[in-house]
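In this text, residue positions in the sequence shown follow the working numbering: the first is 1122, and each later residue adds one. From the three backbone atoms N, C-alpha and C, an ideal C-beta is built for every residue, glycine too. From a predicted model like this one, the values you see are computed outputs, not experimental measurements.
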Amino acid sequence: MERTLILLKPDCVQKHLVGSVIARFEEAGFAIRGCKMIQLTDALLAEHYAHIADKPFFPEVADFMKETPVIALALEADGIIDTMREMLGVTNCLEAAPGTIRADWGSKEEGKNMMCNIAHASDSAETAAVEIKRFFAEDELFL
(Lines of atoms letter the chains of each structure in order from A and count residues from 1; the text may use other names and numbers.)
(Lines give C-alpha, C1' and ligand atoms only; values in the text may rest on other atoms or scores of the structure.)
Protein backbone atom coordinates (compact mmCIF):
# COMPACT_ATOMS: atom_id res chain seq x y z
CA MET A 1 0.00 0.00 0.00
CA GLU A 2 1.12 3.49 -0.83
CA ARG A 3 0.21 6.82 0.78
CA THR A 4 -0.02 10.33 -0.59
CA LEU A 5 -0.63 13.80 0.79
CA ILE A 6 -3.35 15.92 -0.73
CA LEU A 7 -3.92 19.57 0.10
CA LEU A 8 -7.30 20.85 -1.02
CA LYS A 9 -6.39 24.43 -1.85
CA PRO A 10 -8.28 27.63 -1.02
CA ASP A 11 -10.02 27.68 -4.43
CA CYS A 12 -11.48 24.25 -3.64
CA VAL A 13 -12.71 25.49 -0.25
CA GLN A 14 -14.05 28.77 -1.69
CA LYS A 15 -15.98 26.97 -4.44
CA HIS A 16 -17.53 24.57 -1.88
CA LEU A 17 -16.03 21.56 -3.69
CA VAL A 18 -14.40 19.79 -0.73
CA GLY A 19 -17.13 17.14 -0.46
CA SER A 20 -17.26 16.56 -4.21
CA VAL A 21 -13.49 16.13 -4.48
CA ILE A 22 -13.30 13.80 -1.47
CA ALA A 23 -16.21 11.80 -2.93
CA ARG A 24 -14.15 11.20 -6.09
CA PHE A 25 -11.27 9.97 -3.95
CA GLU A 26 -13.52 7.60 -2.03
CA GLU A 27 -15.20 6.35 -5.21
CA ALA A 28 -11.71 5.51 -6.52
CA GLY A 29 -11.23 3.29 -3.47
CA PHE A 30 -8.75 5.50 -1.62
CA ALA A 31 -8.74 5.05 2.16
CA ILE A 32 -8.62 8.23 4.25
CA ARG A 33 -5.89 7.78 6.88
CA GLY A 34 -5.84 11.41 8.04
CA CYS A 35 -7.98 14.49 7.45
CA LYS A 36 -7.85 17.96 8.96
CA MET A 37 -8.41 21.62 8.21
CA ILE A 38 -5.37 23.80 8.75
CA GLN A 39 -4.47 27.46 8.30
CA LEU A 40 -1.09 27.51 6.59
CA THR A 41 1.66 29.75 7.94
CA ASP A 42 4.54 31.44 6.15
CA ALA A 43 6.99 29.04 7.80
CA LEU A 44 5.05 25.95 6.77
CA LEU A 45 4.63 27.25 3.22
CA ALA A 46 8.34 28.07 2.92
CA GLU A 47 9.15 24.51 3.99
CA HIS A 48 6.52 22.85 1.82
CA TYR A 49 7.36 24.92 -1.26
CA ALA A 50 11.12 25.13 -0.64
CA HIS A 51 11.71 24.25 -4.30
CA ILE A 52 10.06 27.54 -5.38
CA ALA A 53 10.58 29.72 -2.29
CA ASP A 54 13.26 31.78 -4.08
CA LYS A 55 11.14 32.36 -7.20
CA PRO A 56 9.61 35.81 -7.83
CA PHE A 57 6.08 34.34 -7.92
CA PHE A 58 6.36 32.61 -4.52
CA PRO A 59 4.81 35.49 -2.49
CA GLU A 60 1.70 35.27 -4.70
CA VAL A 61 1.52 31.49 -4.14
CA ALA A 62 1.93 31.97 -0.38
CA ASP A 63 -0.77 34.66 -0.24
CA PHE A 64 -3.16 32.43 -2.20
CA MET A 65 -2.49 29.41 0.02
CA LYS A 66 -3.33 31.52 3.11
CA GLU A 67 -6.64 32.91 1.76
CA THR A 68 -8.59 30.21 3.59
CA PRO A 69 -7.67 27.15 5.61
CA VAL A 70 -6.83 24.13 3.47
CA ILE A 71 -7.89 20.52 3.90
CA ALA A 72 -4.96 18.15 4.41
CA LEU A 73 -5.61 14.50 3.55
CA ALA A 74 -3.41 11.45 3.97
CA LEU A 75 -4.81 8.86 1.56
CA GLU A 76 -3.81 5.25 0.97
CA ALA A 77 -4.24 2.69 -1.83
CA ASP A 78 -2.14 0.52 -4.09
CA GLY A 79 -0.48 2.76 -6.69
CA ILE A 80 -2.16 5.88 -5.31
CA ILE A 81 0.59 8.31 -6.38
CA ASP A 82 0.16 7.63 -10.09
CA THR A 83 -3.61 7.11 -9.90
CA MET A 84 -4.07 10.39 -8.00
CA ARG A 85 -2.00 12.35 -10.46
CA GLU A 86 -4.10 10.92 -13.32
CA MET A 87 -7.33 11.81 -11.49
CA LEU A 88 -6.17 15.37 -10.81
CA GLY A 89 -4.77 16.04 -14.27
CA VAL A 90 -1.77 18.18 -15.13
CA THR A 91 -0.96 21.24 -13.03
CA ASN A 92 -2.17 23.68 -15.70
CA CYS A 93 -5.96 23.47 -15.62
CA LEU A 94 -6.16 24.68 -19.22
CA GLU A 95 -4.20 21.62 -20.34
CA ALA A 96 -5.82 19.06 -18.03
CA ALA A 97 -7.66 16.21 -19.74
CA PRO A 98 -11.48 16.34 -19.71
CA GLY A 99 -12.96 14.52 -16.74
CA THR A 100 -10.01 15.21 -14.45
CA ILE A 101 -10.53 17.18 -11.26
CA ARG A 102 -8.50 20.14 -12.49
CA ALA A 103 -10.24 20.24 -15.88
CA ASP A 104 -13.65 20.03 -14.22
CA TRP A 105 -13.13 22.52 -11.39
CA GLY A 106 -9.79 24.34 -11.72
CA SER A 107 -9.45 27.94 -12.84
CA LYS A 108 -9.69 28.62 -16.57
CA GLU A 109 -8.49 32.18 -16.03
CA GLU A 110 -5.10 32.88 -17.60
CA GLY A 111 -2.63 33.62 -14.83
CA LYS A 112 -4.57 31.61 -12.25
CA ASN A 113 -4.78 28.30 -14.10
CA MET A 114 -1.52 27.00 -12.57
CA MET A 115 -2.12 28.05 -8.96
CA CYS A 116 -5.90 27.77 -8.56
CA ASN A 117 -5.96 24.11 -9.53
CA ILE A 118 -7.98 22.62 -6.65
CA ALA A 119 -5.33 20.41 -5.04
CA HIS A 120 -1.70 19.66 -4.36
CA ALA A 121 -0.65 16.00 -4.56
CA SER A 122 2.64 14.35 -3.65
CA ASP A 123 4.70 13.49 -6.73
CA SER A 124 6.41 10.37 -5.36
CA ALA A 125 6.22 7.93 -2.45
CA GLU A 126 9.35 9.50 -0.96
CA THR A 127 7.92 13.01 -1.17
CA ALA A 128 4.61 11.76 0.24
CA ALA A 129 6.33 10.35 3.33
CA VAL A 130 8.01 13.70 4.02
CA GLU A 131 4.87 15.72 3.29
CA ILE A 132 2.60 13.54 5.43
CA LYS A 133 4.99 13.97 8.38
CA ARG A 134 4.99 17.72 7.75
CA PHE A 135 1.21 17.97 8.05
CA PHE A 136 0.25 15.10 10.38
CA ALA A 137 1.51 13.90 13.75
CA GLU A 138 1.67 10.11 14.17
CA ASP A 139 -1.44 10.13 16.38
CA GLU A 140 -3.42 11.92 13.63
CA LEU A 141 -3.01 9.02 11.19
CA PHE A 142 -5.24 5.96 11.38
CA LEU A 143 -5.17 2.49 9.86
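How should residue i be labelled, buried or exposed, when 16 other C-beta atoms within 10 angstroms of its C-beta is the threshold for buried?
| i | result |
| --- | --- |
| T1162 | exposed |
| A1224 | buried |
| D1132 | buried |
| M1122 | exposed |
Given this structure, state the Cα-to-Cα distance separating residue i from residue j, to the nearest angstrom.
| i | j | result |
| --- | --- | --- |
| N1234 | G1220 | 16 angstroms |
| G1227 | N1213 | 9 angstroms |
| L1128 | T1189 | 12 angstroms |
| G1155 | F1146 | 13 angstroms |
| A1183 | G1232 | 15 angstroms |
| A1246 | E1230 | 31 angstroms |
| D1260 | L1194 | 14 angstroms |
| A1174 | H1137 | 29 angstroms |
| P1180 | Y1170 | 11 angstroms |
| I1192 | A1217 | 22 angstroms |
| L1215 | M1236 | 12 angstroms |
| K1157 | A1258 | 11 angstroms |
| Q1135 | V1211 | 21 angstroms |
Which two residues bound the contiguous beta strand (DSSP E) that contains residue i?
| i | result |
| --- | --- |
| G1155 | A1152 to I1159 |
| E1123 | E1123 to L1129 |
Anyone know if the C-beta pair for residue i and residue j falls short of 8 angstroms?
| i | j | result |
| --- | --- | --- |
| R1124 | I1222 | no |
| I1159 | F1263 | no |
| M1186 | K1130 | yes |
| L1126 | A1249 | yes |
The alpha helix (DSSP H) with residue i in it runs from where to where?
| i | result |
| --- | --- |
| I1202 | I1201 to L1209 |
Discussion item. Within 8 angstroms, do at least three Cβ pairs link the segment 1236-1245 to the segment 1127-1147?
Written reply: The segment 1127-1147 vs the segment 1236-1245: in contact.
Worksheet item: Just checking, does the segment 1193-1202 make contact with the segment 1148-1161 on the three C-beta pairs under 8 angstroms criterion?
Response: The segment 1193-1202 makes contact with the segment 1148-1161; the number of CB pairs closer than 8 angstroms reaches 3 or more.
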